[in-house]
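In the working numbering, the protein residues as written are 1 to 292.
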């Protein structure tokens, strides 16, 4: 069994709660500690004390904003690459807490391509191309269920596709619509960074990546890290579903698209239990979220 909820997703904050029969994990802490706790409790009935691990993808503030409070509130080990931890430890707001975590032995170094286990959860970190120091994304596996969280990358390489092939669910970046970004108010230097190889995946990029990793069975896809300035949830869904449909992929039966939000958590989704993760509603049109 593997359950997860996207607690927050977007350019202003990102965090995901994941649990199995034996462990509870927080992936990134990009919103305040108070919001994290409220949403974990509301959606999953989870408390700080129950966390067994905190995993970081990279050091950008929309992924570590609440890390200081998390480090204070729980004793779970923190997993991060050497580069990510180096940057996090250098940040003023978290310097004291990260130093204490290091001294207490809570920090576990992660290396791209070197999988590890946390009880019954197998974790595979893999390198992504992003403007951070040694960023990674993660695949999570238990017996009978798999989830890949792939955001904050400029392009989807063949090596990444091979790692995330055939998962039961994806939290996948669909950051921007290219035309909205080009016509928007961002300075050209920022637009160029977002569009570059170390930027973010567009709606079209997400669709093309899915075509290469989907297998012939039902898959849930959470469109994530949407730009508030340069995207719309309905546009992201339409772009991805249209591209998949043109290639013969049924977006009502084979692929189910879900929205994520920066303001509220998604409902707790259970993988590995047949159809039990669905409540009979049309999730392809899903706009309801749980949490506060």
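Ideal placement from N, C-alpha and C gives every residue a C-beta, glycine not left out.
No experiment lies behind these values; they were computed from the predicted model shown.
Check	Outcome
For residue 187, the three-state DSSP class (helix, strand or coil)	coil
Residue from 225, 215, 213 with nearest C-alpha to residue 203	225
Segment contact, 8 Å Cβ cut-off, at least three pairs: the segment 97-105 with the segment 50-57	no
Rounded C-alpha distance that separates residue 251 from residue 266	19 Å
Delimiting residues of the beta strand (DSSP E) encompassing residue 118	116-118
Distance between beta carbons of residue 149 and residue 171, contact taken as under 8 Å	4 Å
Sequence-distant residues of its chain with Cβ nearer than 7 Å to residue 260 (five each side left out)	6, 9, 222, 223, 224, 266
Distance CB(residue 129)-CB(residue 205) smaller than 7 Å	no
Residue range of the beta strand (DSSP E) that includes residue 141	136-142
Contact test: residue 261 Cβ vs the ligand NAP heavy atom, cutoff 6 Å	In terms of ligand content, the structure shown is empty, and the ligand NAP therefore cannot be addressed.
Neighbourhood of residue 184 by C-beta distance below 8 Å, restricted to the same chain and skipping five residues each side	191, 229, 230
Stretch pair the segment 34-46 + the segment 133-142: three plus CB contacts closer than 8 Å	no
Proximity to residue 125 [Cα-Cα], best of 151, 101, 35, 131	151
Residue 8 - DSSP class collapsed to helix/strand/coil	strand
Reference residue 271; option with closest CA among 194, 159, 220	220
Own chain partners of residue 23 with C-beta closer than 8 Å, once the 5 adjacent residues on each side are dropped	52, 53, 118, 119, 120, 121
Residue 55 to residue 28 span [Cα, whole Å]	6 Å
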